[in-house]
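Colleague:
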Amino acid sequence: MTPQNPAQHAKIAADALERLVRDVQSGRAQWTHSTNVRQAVDDLTRLSAAMATALHQMTGVLAQLSQPGPQAAQAQQTAGALHLAGQHTTTAANQLRQARRTMH
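When you line the sequence shown up against the UniProt record's numbering, it's residues 1 to 104, in that order.
(1) Can you have a look at SER48 and say buried or exposed, based on whether 16 or more other CB atoms are within 10 angstroms of its CB?
(2) Judging by CA-CA distance, which residue of ALA16, ALA81 and GLY60 is the nearest neighbour of ALA40?
(3) Any idea what DSSP makes of HIS56, helix, strand or coil?
(4) For PRO70, does the three-state DSSP call read helix, strand or coil?
(5) Grouping DSSP H, G and I as helix and E and B as strand, with all else coil, what is GLN95?
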């Protein structure tokens, strides 16, 4: 069985999150109750944690795929940026968990 392209999953998640933002901005969707906010925080925590894991996975793959020569330096810079993004996304997930703990 041929492995799936994980980028397809990322695209679906990004499209859904962009749709959420557009719907709230346009008034088609509203945060009308604290229960909705709590559920969204839970789901965004899941999204952030999964995103951090995916970023770390991509960082590891880039290290395996890098080729010698000038492209190696570029791949190293890319891997470094992905690693930092993964760290920051982990921080975001932790902050969302903290926010959720303080909600009633």
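Don't be surprised by glycine CBs; every beta carbon is placed ideally from N, CA and C.
Modeller: The structure says:
(1) Position 48 of the sequence shown holds residue 48. Per the 10 Å Cβ criterion, buried.
(2) As a working note, residue 40 is residue 40 in the sequence shown. The shortest C-alpha separation from ALA40 is found at ALA16.
(3) What you label residue 56 is simply residue 56 of the sequence shown in a count that begins at 1. Three-state DSSP puts HIS56 in a helix.
(4) As a working mapping, residue 70 is identified with position 70 in the sequence shown. Helix at PRO70.
(5) As a first step, residue 95 is located in the sequence shown; it is residue number 95 there, counting from the start. Helix.
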